[in-house]
Every structure is written in C-alpha cells, then in structure tokens.
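One structure is given below, encoded as structure tokens.
2 protein chains.
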Amino acid sequence: MKVGILGLAQTKFGELWNKSLYDLLEESQYRALQDAGIEPKDIDGIFTGNMCGSIFSNQTNIASIASDILNRNISSIVVEGACASGGLALRAGILAIESGYHDIVLVNGVEKMTDIDSKDGVHGLSSALSQDWEHISGATFPGLIAMISRLYMHKYNLTRDQLSHVSVQNHSNGLLNKKAHFRKSITIDSVNNSTVIADPLTLLDCSPVSDGAASVILCSERFAKNLNKELVYIIGSGNATDSLAMSQRDNLIEWNATKVAAKRALGMAKINIEDIGVVEVHDAFSILQILGLEDLGFFEKGSAGKFIQDNLTSLNSKLPVNPSGGLKSRGHPVGATGVAQIVEIASQLYNRCGDRQINNNIKIGMTHNVGGAGANVVVHVLKRE
Amino acid sequence: MKVGILGLAQTKFGELWNKSLYDLLEESQYRALQDAGIEPKDIDGIFTGNMCGSIFSNQTNIASIASDILNRNISSIVVEGACASGGLALRAGILAIESGYHDIVLVNGVEKMTDIDSKDGVHGLSSALSQDWEHISGATFPGLIAMISRLYMHKYNLTRDQLSHVSVQNHSNGLLNKKAHFRKSITIDSVNNSTVIADPLTLLDCSPVSDGAASVILCSERFAKNLNKELVYIIGSGNATDSLAMSQRDNLIEWNATKVAAKRALGMAKINIEDIGVVEVHDAFSILQILGLEDLGFFEKGSAGKFIQDNLTSLNSKLPVNPSGGLKSRGHPVGATGVAQIVEIASQLYNRCGDRQINNNIKIGMTHNVGGAGANVVVHVLKRE
Chain A
2 MKVGILGLAQ TKFGELWNKS LYDLLEESQY RALQDAGIEP KDIDGIFTGN MCGSIFSNQT
62 NIASIASDIL NRNISSIVVE GACASGGLAL RAGILAIESG YHDIVLVNGV EKMTDIDSKD
122 GVHGLSSALS QDWEHISGAT FPGLIAMISR LYMHKYNLTR DQLSHVSVQN HSNGLLNKKA
182 HFRKSITIDS VNNSTVIADP LTLLDCSPVS DGAASVILCS ERFAKNLNKE LVYIIGSGNA
242 TDSLAMSQRD NLIEWNATKV AAKRALGMAK INIEDIGVVE VHDAFSILQI LGLEDLGFFE
302 KGSAGKFIQD NLTSLNSKLP VNPSGGLKSR GHPVGATGVA QIVEIASQLY NRCGDRQINN
362 NIKIGMTHNV GGAGANVVVH VLKRE
Chain B
2 MKVGILGLAQ TKFGELWNKS LYDLLEESQY RALQDAGIEP KDIDGIFTGN MCGSIFSNQT
62 NIASIASDIL NRNISSIVVE GACASGGLAL RAGILAIESG YHDIVLVNGV EKMTDIDSKD
122 GVHGLSSALS QDWEHISGAT FPGLIAMISR LYMHKYNLTR DQLSHVSVQN HSNGLLNKKA
182 HFRKSITIDS VNNSTVIADP LTLLDCSPVS DGAASVILCS ERFAKNLNKE LVYIIGSGNA
242 TDSLAMSQRD NLIEWNATKV AAKRALGMAK INIEDIGVVE VHDAFSILQI LGLEDLGFFE
302 KGSAGKFIQD NLTSLNSKLP VNPSGGLKSR GHPVGATGVA QIVEIASQLY NRCGDRQINN
362 NIKIGMTHNV GGAGANVVVH VLKRE
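Chains as they are written, first to last, in this note's numbering: chain A, 2 to 386; chain B, 2 to 386.
So, in structure tokens, the structure goes:
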C-alpha cells in the first residue's frame with residue numbers, strides 16, 4: 002500500500018463558541034486544499050469521520066454538507082466508529098484510492114461538542130459503550146476506565162505519580178502547539194490534586210470535550226509520482242475490533258484490538274515496531290496512553306509508566322509520543338481526533354512543526370485511534386519518501 | 002467494476018417489539034452467511050449502514066457489535082448518509098473489495114426505530130435536514146416534501162389519484178412479500194381519504210417507521226470466478242450529492258443528485274437506462290417515486306404519474322418498480338433500506354422471489370437510495386451473468 006498525503010489542515014481545537022460544525026468543516030477543508038495547492042474540482046470523493054452529529058449538533062447527513070462546501074456534487078460519505086471515526090474515515094478513503102475508482106480524496110474528521118447541555122454530552126459519548134450491557138446499568142467511560150486504572154495499578158505497581166506524568170508530558174508538548182485546546186503547563190502535583198472524576202482518575206487524567214475539525218488530502222501513488230517531489234505516504238493501515246462490552250473480554254488491561262490492528266498495519270507496511278520514530282497514541286484517559294504504548298508493542302506490558310516517567314517518550318527522546326499534546330492537551334473533538342493524529346505525524350515527517358518539531362531524521366511514524374473502550378482500533382503507518 | 006453477490010438476507014421489517022438492534026443484526030448477518038454457504042471466518046471486513054443508532058437506540062460504535070456477533074476481530078466500520086446509509090455502506094464495501102485489501106465482505110443495513118418516543122423519532126429523522134437552514138425553522142420531512150408535491154402537481158398537472166396510485170401499486174407488490182412491514186391491499190380512495198399528514202400528503206403517501214436489518218455478502222471477481230457458477234454481480238456504483246438545504250437549489254422537483262448518480266452508475270456499467278429491467282426506487286413519500294423514476298431517466302419529467310397510473314410499472318409490466326413493495330409497503334428502517342433494495346433486486350435476478358417474481362428473462366436491475374431530500378443519492382446496477 003502506498004497512498005500519498007498531499008495536504009494537511011487542522012482548525013484550532015477548543016471551546017469555539019463562535020464556530021458551528023459547518024464553519025469548522027469549511028475552514029478545515031479549504032485550508033487542506035490550500036495546503037495541497039489544489040482546487041475543489043480536483044477532489045473526487047470525500048470521507049468524513051463524525052461520531053455523534055445527531056446528538057451534539059442535531060445533524061446527520063454531514064456528507065452532503067462536506068461536498069456542498071466545495072460546491073461539488075461528488076461522492077461523499079460519513080464514517081462512524083465512535084472516537085475512532087476519524088481514523089476509520091481515513092481508512093475508507095485509503096481503500097477508495099486503492100480501488101482505482103478515486104484519484105484524489107478529501108478525508109475529514111469533525112465534531113462540534115460544546116454547544117449542548119451536559120446531559121446530551123454524556124448521552125452522546127456513552128452511546129459508544131454497549132447499551133445492552135454497560136450504559137443501561139449507568140456505566141460511563143470515566144467509571145469504566147477508572148476500574149481499568151485501578152486494576153493496572155494493582156497488577157503492575159503503577160504509581161499515581163507515573164500516571165500523572167502522562168498528562169504532564171502531553172501538556173508540555175501541547176504548550177508548543179498553537180492549535181491545541183489547552184496550552185498550559187501542569188505538574189505532577191496539579192494532576193494528583195485536581196478534582197476526582199472517578200477514583201483514581203482526576204480531572205487532569207481526562208481528555209476534554211472539544212470542538213474542532215481536521216482534514217487530509219490523499220492521492221494515488223500514480224498521481225504522487227507525477228508530482229516528482231518528496232512526499233509522506235501512508236504505507237500501512239490496520240483495523241481490528243473487540244467485543245463492545247468490556248465485561249465480555251478475558252483481559253481488561255491488554256487491548257487485543259490494539260495488538261491486532263498494529264500487527265496488521267506493520268505487516269502491510271513490512272516494518273517492525275522498532276522502525277517507528279514517532280507515534281500519536283489515543284490518550285482519552287492517561288492510563289490509555291500506557292495501555293496503548295504497550296499493546297502497540299513499544300514496551301513490555303506493565304513497563305510503560307516507568308519509561309514515561311523517565312522521559313523516554315518526551316519530545317526529544319528516542320520515541321516522541323503525542324508531540325501534538327495528544328487528546329489530553331490538543332483536545333478531543335471525538336470524530337476529528339483520528340484525522341488530527343494523521344495531520345500531526347505527517348507534519349512531523351514533513352518537518353513543519355516549528356517549536357515542537359522532533360528530530361528531523363525520523364522517517365516513519367504511527368497513529369493509534371480507539372473507538373469505545375478498545376472496541377474498534379485503527380492504526381496507520383506513515384513514511385516520508 | 003465487477004463485484005459478486007454471494008449471499009442475501011433480510012429480516013422481517015415492521016414494528017418488532019421483541020427484537021433489539023443486536024437481535025436484528027445477528028439474524029440478518031447469520032442468514033446471509035447461511036445463504037452464501039460460508040462461515041464467519043471467511044469474512045474479512047464489515048460495512049454497516051446505520052443512520053441514527055445514537056438517538057434511536059442510544060448506540061453508536063455498532064461496527065464493533067457487527068464483528069462481535071461473528072466472534073471475529075476483523076475490520077468493521079459504520080457508514081452514515083441519512084436514509085442512504087445502507088446504499089453508501091454497500092458502496093464502501095465495493096471499494097474495499099476493489100482495493101484488493103478485502104476478498105469477502107459483509108455489508109449490513111440496520112435500524113431499530115420503534116422503541117423510542119415520537120419526539121426522539123422526529124428529532125432523529127429531522128437531523129438529516131439542514132440544521133442551519135431547515136430544521137431550525139421547524140421544517141420536517143413531511144412538510145418539505147408536501148411543498149414539493151404541490152409544486153410538481155401544479156407544474157405537471159399530476160392528479161391526486163395518480164399520486165395515490167404509487168402507494169396502491171407498492172402495497173400490491175408488498176402483499177406478496179413475506180418480509181414486508183405492511184401486507185395489506187389499499188385503494189386509491191383509501192390513500193386519498195387517509196389522515197392528512199402535510200397537505201397534500203396523507204398517511205398512505207408516507208413510508209412508515211420500521212425496525213429491520215438486511216445483509217449482503219460481496220466477493221471479488223477473482224473469488225467469484227473460482228466458484229464456477231452463475232452469479233449476480235454489481236457492475237455499477239454511482240454516488241452524488243446536492244446542497245443539504247433544499248432552499249439552496251435551483252429546482253426542487255428535479256433532483257440533480259439522482260441524475261448524476263445514475264449517470265455515474267450507468268457509465269461504470271457501460272449500459273443505458275433502457276437496459277434496466279427492474280428497479281427499486283426510494284419512495285419515502287409517494288411523490289418521490291415519481292421524481293426518482295424521472296430523474297433516473299426512465300421517464301420524461303412530468304410523465305411518470307401517468308405511466309404508473311397506466312400500470313406500466315407494475316409487477317408484470319415492462320419495467321417493474323419496487324417489486325418488494327418499496328419503502329411504503331416493505332417498510333423503511335432508514336439505515337437498512339439501501340441494503341434491502343439490493344437484496345430485492347439480486348433476489349429477483351436470482352429468480353428467488355416466489356409469488357412476486359418478475360419475468361425471469363430480466364438480467365439487469367437497479368437500486369436508487371436517497372439520503373435527505375435529495376442531498377445524497379447512491380445508485381447501483383446489478384447484473385446476472
């Protein structure tokens with residue numbers, strides 16, 4: 002597989018009171034076109050990740066909005082896989098290119114989350130849990146992930162400070178990202194002592210509710226070759242699922258869908274995990290960055306907390322993790338996140354990240370996007386060539 | 002393009018009080034596997050059309066349910082395009098096969114609509130209108146389509162009886178379909194005199210709110226050839242969009258997205274509209290069957306009502322339309338409809354429709370699936386070879 006990345010864009014993430022879902026999508030799409038140096042007429046398909054426009058914005062049928070913004074009547078669909086909607090939209094766009102029926106496609110992720118009351122917010126987000134087994138009993142994401150945190154801390158002696166270090170590091174990176182929701186340095190103490198959401202998780206263990214959009218323009222290898230310039234390509238795409246209800250799994254602190262998706266993506270790219278030089282991991286909660294890094298294969302199970310604490314995943318380490326600030330600091334407009342991860346890794350490989358640019362010899366990066374509590378995981382491998 | 006159809010299934014459509022979304026999907030998926038004579042292990046990807054599980058069933062992340070039902074961890078996504086979700090999921094599945102990364106995929110459409118209060122029903126369905134321009138002003142689908150009906154009746158002298166004939170014919174076909182929501186003969190008088198929903202539309206001009214699921218198993222041409230048997234193939238897929246808000250269009254009674262989607266599908270199939278021997282048209286409201294048949298190219302604009310009245314689209318005519326009973330009689334579980342249309346046309350081409358089987362010399366059929374008020378249209382062409 003080899004699909005070229007022609008253009009990248011991300012709106013500011015945050016509480017954007019003066020921007021509607023339409024505004025966000027419009028800004029993101031046109032910036033991506035501008036970045037690619039192409040016109041709306043060059044696009045022949047649109048794939049938009051959106052998790053819950055129905056509840057958050059009273060709006061389904063967003064595919065039509067996406068093409069209408071470009072004043073085009075091209076093929077356009079919305080892809081949903083909860084918080085993995087963006088990464089899955091990218092995958093659908095890749096398959097469309099590889100099918101030979103599309104040459105240049107626009108992939109969006111978008112979510113407008115703040116313009117609702119909190120009851121609708123919880124309702125929308127909890128719809129990604131099993132309604133039959135989890136949500137119906139009152140379980141919410143923070144509650145379930147708190148249990149996972151406890152279990153992991155108990156089994157692997159993860160300390161509270163180590164857990165806090167995840168958020169501290171992400172905020173440290175996000176401070177350098179002008180598009181991030183939170184640009185604020187935090188300390189171990191501030192994470193430890195912030196409001197308890199679901200013990201042991203505090204407010205600063207949890208990614209925020211954000212508005213935002215991100216867009217990527219993909220092209221076929223044939224088109225890319227004619228450009229005759231260095232390009233970042235997607236060379237691997239892996240998607241795997243697990244039972245929606247966590248209660249139906251054997252192991253709550255090893256997420257099989259991450260393992261399988263990573264294996265598929267790496268296999269397609271014909272590389273090993275050691276070849277990855279930078280990764281965006283789905284840190285919806287601090288513990289999930291630890292689980293993610295282990296299940297992707299970067300660290301032995303039970304060891305990631307120590308490595309993070311020792312700064313072996315910071316911006317200038319051998320394995321920079323979440324240089325964008327991750328979901329915690331960059332923000333988490335759920336349908337946009339997976340595409341924003343691609344924007345970040347591709348931007349890093351293009352050496353366009355300014356203050357937060359990692360070592361520019363790194364040529365291969367990875368993204369890890371999760372829908373639900375490990376229910377649907379999509380992993381992509383990107384390479385500059 | 003040539004993608005084989007290996008297996009077909011549709012649950013009963015209707016008010017299925019003892020079936021959950023999970024139950025519907027489970028029944029549909031396993032019946033399709035059984036019909037194809039394959040095992041869950043043979044499937045390597047799932048594409049599920051669902052419009053509004055979030056509001057109707059408190060459930061997003063249905064992709065994970067679909068793969069979990071098969072006890073598989075394969076790639077699985079949900080595709081949304083309002084009432085075209087099913088047809089668009091099929092298109093995504095086709096592209097996945099054509100990409101070469103998938104060999105046998107399962108395409109589902111599912112919606113559980115009846116287990117909610119009517120406020121949520123209206124809220125969910127209206128989310129497919131433009132929130133910014135239509136829904137916010139209180140417009141709903143029946144209201145907007147009523148205006149379209151008036152305009153068309155005025156411009157082309159369509160009579161109330163002709164409009165009613167659409168529903169009468171669809172009910173006449175659905176009477177022969179054991180899976181249909183309504184199996185009841187109706188008359189011109191009963192349509193004319195049923196409760197007014199939005200003048201001139203009466204209750205019997207409107208498709209119902211239904212529960213149901215449908216599934217199709219697709220395979221690559223390479224796989225199909227090894228089977229060495231006559232198969233129905235998808236040979237054309239066209240998808241086109243229009244502005245989401247009807248107010249931003251030049252013409253309300255010619256739907257450009259249908260025209261363009263049909264042109265694309267026919268072009269891909271390398272055939273003309275005259276080659277089509279049977280069609281499932283998206284009759285969410287009676288007037289839309291008339292618009293659809295004209296915009297697809299079967300009849301001159303303004304003439305379809307007369308042809309329908311003259312029984313030139315009935316089951317044993319030269320162009321049987323909606324042999325399943327259409328959305329009006331078979332039912333309209335919104336995310337399932339597009340896949341149910343494929344199930345019907347493929348079943349007709351396989352000569353498996355029993356009492357409602359059309360002339361068995363017909364080899365080419367078409368489906369027409371619409372999201373919103375002409376905002377996203379997907380057309381497929383099927384051929385027995």
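Even for Gly, the Cβ is constructed at its ideal location relative to N, Cα and C.
Query raised in the report: Can you find a CB in chain A that lies within less than 8 Å of the CB of I78(B)?
Result: As a first step, residue 78(B) is located in the second sequence; it is residue number 77 there, counting from the start. Chain A contact via Cβ: present.
Query raised in the report: Should Y23(B) be flagged as near chain A, meaning a C-beta pair shorter than 8 Å?
Result: Locating residue 23(B) in the second sequence gives position 22, counting from the first residue. Under the Cβ distance rule, Y23(B) counts among the residues neighbouring chain A, one pair being separated by less than 8 Å.
Query raised in the report: Looking at C-beta atoms only, is the number of pairs between the stretch 36-54 of chain A and the stretch 295-312 of chain A that lie closer than 8 Å three or more?
Result: Contact fails between the stretch 36-54 of chain A and the stretch 295-312 of chain A, because fewer than three Cβ pairs, one in each stretch, are under 8 Å apart.
Query raised in the report: When we look at the beta-carbon of I137(B) and count the other beta-carbons within 10 Å, is it buried (16 or more) or exposed?
Result: As a position in the second sequence, residue 137(B) is number 136, starting the count at 1. Exposed.
Query raised in the report: Short check: CB of G366(A) to CB of I277(A), under 8 Å?
Result: The residue labelled residue 366(A) in the question sits at position 365 within the first sequence. The residue labelled residue 277(A) in the question sits at position 276 within the first sequence. Cβ atoms of G366(A) and I277(A): closer than 8 Å.
Requested in this report: May I ask which residues mark the beginning and end of the beta strand (DSSP E) holding K384(A)?
Outcome: As a first step, residue 384(A) must be located in the first sequence, where it is residue number 383. It spans N377 to R385 - the beta strand (DSSP E) in which K384(A) sits, taken as one unbroken run.
Query raised in the report: What do you get for D212(B), buried or exposed, if any count of 16 or more other CB atoms within 10 angstroms of its CB means buried?
Result: Counting from 1 along the second sequence, the entry for residue 212(B) is found at position 211. Per the 10 Å Cβ criterion, buried.
Query raised in the report: Measuring CA to CA, which of E27(A), F57(A), A93(A) and T61(A) is closest to I70(A)?
Result: Indexing the first sequence from 1 puts residue 70(A) at position 69. The shortest C-alpha separation from I70(A) is found at E27(A).
Query raised in the report: From N178(B) to S330(B), what distance separates their C-alpha atoms?
Result: Here residue 178(B) is taken as the residue at index 177 of the second sequence, counted from 1. Here residue 330(B) is taken as the residue at index 329 of the second sequence, counted from 1. Their backbone Cα atoms lie some 9 Å apart in a straight line.
Query raised in the report: What are the boundary residues of the beta strand (DSSP E) that includes N240(A)?
Result: Here residue 240(A) is taken as the residue at index 239 of the first sequence, counted from 1. N240(A) -> beta strand (DSSP E) spans V233 to T242.
Requested in this report: Taking only beta carbons into account, state which residues of the stretch 249-278 of chain B come closer than 7 Å to chain A, listed in chain order.
Outcome: Within the stretch 249-278 of chain B, the qualifying residues are N257, A258 and V261.
Query raised in the report: Which of the residues in the stretch 305-316 of chain B, read from start to end, lie with their CB under 8 Å from any CB of chain A?
Result: Listed by position, the residues of the stretch 305-316 of chain B near chain A (Cβ gap below 8 Å) amount to none.
Query - Backbone CA spacing between G8(A) and S318(B) [nearest angstrom] - result: On the first sequence, residue 8(A) is found 7 positions in, with the first residue counted as 1. On the second sequence, residue 318(B) is found 317 positions in, with the first residue counted as 1. Computed Cα separation, rounded: 52 Å.
Query raised in the report: To which residues of the same chain is E295(B) closer than 6 Å at the C-beta, ignoring the five residues directly before and after it?
Result: Start at 1 with the first residue of the second sequence, and residue 295(B) comes out as number 294. The residues are K302 and A305.
**Report entry** Short CB-CB distance (under 8 Å) between E135(A) and chain B
**Finding:** The residue you call residue 135(A) lines up with position 134 of the first sequence. No, E135(A) does not count as interfacial toward chain B.
Query raised in the report: For the stretch 175-205 of chain A, which residues have a beta carbon sitting closer than 7 Å to at least one beta carbon of chain B?
Result: Residues: none.
Requested in this report: Since I believe V217(B) is in contact with I363(B) (beta carbons under 8 Å), could you give me their beta-carbon distance rounded to a whole number of angstroms?
Outcome: Position 362 of the second sequence, counted from the first residue, corresponds to residue 363(B). Position 216 of the second sequence, counted from the first residue, corresponds to residue 217(B). In this structure I363(B) is not in contact with V217(B), their Cβ atoms being roughly 19 Å apart against a cut-off of 8 Å.
Query raised in the report: Alpha carbon to alpha carbon, what distance is there between A285(B) and S208(B)?
Result: Locating residue 208(B) in the second sequence gives position 207, counting from the first residue. Locating residue 285(B) in the second sequence gives position 284, counting from the first residue. Rounded to whole angstroms, S208(B) and A285(B) show a C-alpha spacing of 5 Å.
Report task. Using a Cβ-Cβ cut-off of less than 9 Å, give me the residues of the stretch 91-120 of chain A that come near chain B, in sequence order. Result -> Within the stretch 91-120 of chain A, the qualifying residues are R92, A93, I95, L96, A97, I98, E99, S100, G101, Y102 and H103.
Query raised in the report: Using the beta-carbon count (16 or more within 10 Å), is E275(A) buried or exposed?
Result: As a first step, residue 275(A) must be located in the first sequence, where it is residue number 274. It counts as exposed.
Query - Straight-line Cα distance separating V167(A) from L205(A) - result: Your numbering for residue 205(A) matches position 204 in the first sequence. Your numbering for residue 167(A) matches position 166 in the first sequence. Taking the straight line from one Cα to the other gives about 10 Å.
**Report entry** Touching by the beta-carbon criterion (3+ pairs, under 8 Å), the stretch 116-129 of chain A and the stretch 151-169 of chain A
**Finding:** No: fewer than three Cβ pairs fall under 8 Å.
Query raised in the report: To the nearest angstrom, how far is it from the Cα of I236(B) to the Cα of M2(B)?
Result: What you label residue 236(B) is simply residue 235 of the second sequence in a count that begins at 1. What you label residue 2(B) is simply residue 1 of the second sequence in a count that begins at 1. The straight-line gap from Cα to Cα measures roughly 5 Å.
Report task. Please check the pair V371(A) and A97(A), which I expect to be a contact at CB under 8 Å, by giving their CB distance rounded to whole angstroms. Result -> Within the first sequence, the letter at position 370 stands for residue 371(A). Within the first sequence, the letter at position 96 stands for residue 97(A). Between V371(A) and A97(A) the beta-carbon gap is near 23 Å, outside 8 Å, which marks them as no contact.
Query raised in the report: Between D69(A) and chain B, is there a C-beta pair that is closer than 8 Å?
Result: Position 68 of the first sequence, counted from the start, is the residue given in the question as residue 69(A). For D69(A), the nearest beta carbon of chain B is closer than 8 Å to its own beta carbon.
Query raised in the report: Is the Cβ of I359(A) closer than 8 Å to any Cβ of chain B?
Result: Residue mapping note: residue 359(A) aligns to position 358 of the first sequence, counting from 1. Contact with chain B is absent for I359(A), since none of that chain's Cβ atoms lies less than 8 Å from the residue's Cβ.
Query raised in the report: Looking at the structure shown, is F48(B) part of a helix, part of a strand, or coil, going by DSSP?
Result: As a position in the second sequence, residue 48(B) is number 47, starting the count at 1. Secondary structure of F48(B) (DSSP, three-state): strand.
Query - Per-residue DSSP class, three states only, for A37(A) - result: Along the first sequence, read from residue 1 onward, the residue named residue 37(A) stands at position 36. In the three-state scheme derived from DSSP, where H, G and I count as helix and E and B as strand, A37(A) is classed as helix.
Requested in this report: Give a yes or no on whether 8 Å exceeds the smallest Cβ distance from Q60(B) to chain A.
Outcome: Residue numbering aside, residue 60(B) sits at position 59 when the second sequence is read from its first letter. Yes, its Cβ sits closer than 8 Å to a Cβ of chain A.
Query - Cα-Cα separation between I359(A) and V111(A), rounded to whole angstroms - result: Here residue 359(A) is taken as the residue at index 358 of the first sequence, counted from 1. Here residue 111(A) is taken as the residue at index 110 of the first sequence, counted from 1. Going from the Cα of I359(A) to the Cα of V111(A) covers about 27 Å.
Query - Residue-level contact to chain B via CB, I218(A), 8 Å cutoff - result: For the purposes of this step, residue 218(A) is taken as the residue at position 217 of the first sequence. Chain B contact via Cβ: absent.
Query raised in the report: How about A90(A) and V233(A): are their beta carbons less than 8 Å apart?
Result: Residue mapping note: residue 90(A) aligns to position 89 of the first sequence, counting from 1. Residue mapping note: residue 233(A) aligns to position 232 of the first sequence, counting from 1. No; because the gap between Cβ atoms is not below 8 Å, this pair is not in contact.
Query raised in the report: C53(B) versus chain A: which residues are under 8 Å apart at the beta carbon?
Result: By 1-based counting over the second sequence, the position of residue 53(B) is 52. Within chain A, the residues near C53(B) are S55 and T61.
Query - Beta carbon of H172(A) nearer than 8 Å to that of S186(A) - result: Numbered from 1 along the first sequence, position 171 holds the residue referred to as residue 172(A). Numbered from 1 along the first sequence, position 185 holds the residue referred to as residue 186(A). Cβ distance < 8 Å, so H172(A) and S186(A) count as in contact.
Query raised in the report: Touching or not, the stretch 54-63 of chain A and the stretch 73-83 of chain B, by the rule of three or more beta carbon pairs under 8 Å?
Result: With a cut-off of 8 Å, the stretch 73-83 of chain B and the stretch 54-63 of chain A count as touching, because enough Cβ pairs lie within range.
Query raised in the report: Under the three-state reduction of DSSP, which class applies to I254(B): helix, strand or coil?
Result: Within the second sequence, numbered from 1, the residue matching residue 254(B) stands at position 253. Annotated three-state conformation of I254(B) is coil, per DSSP.
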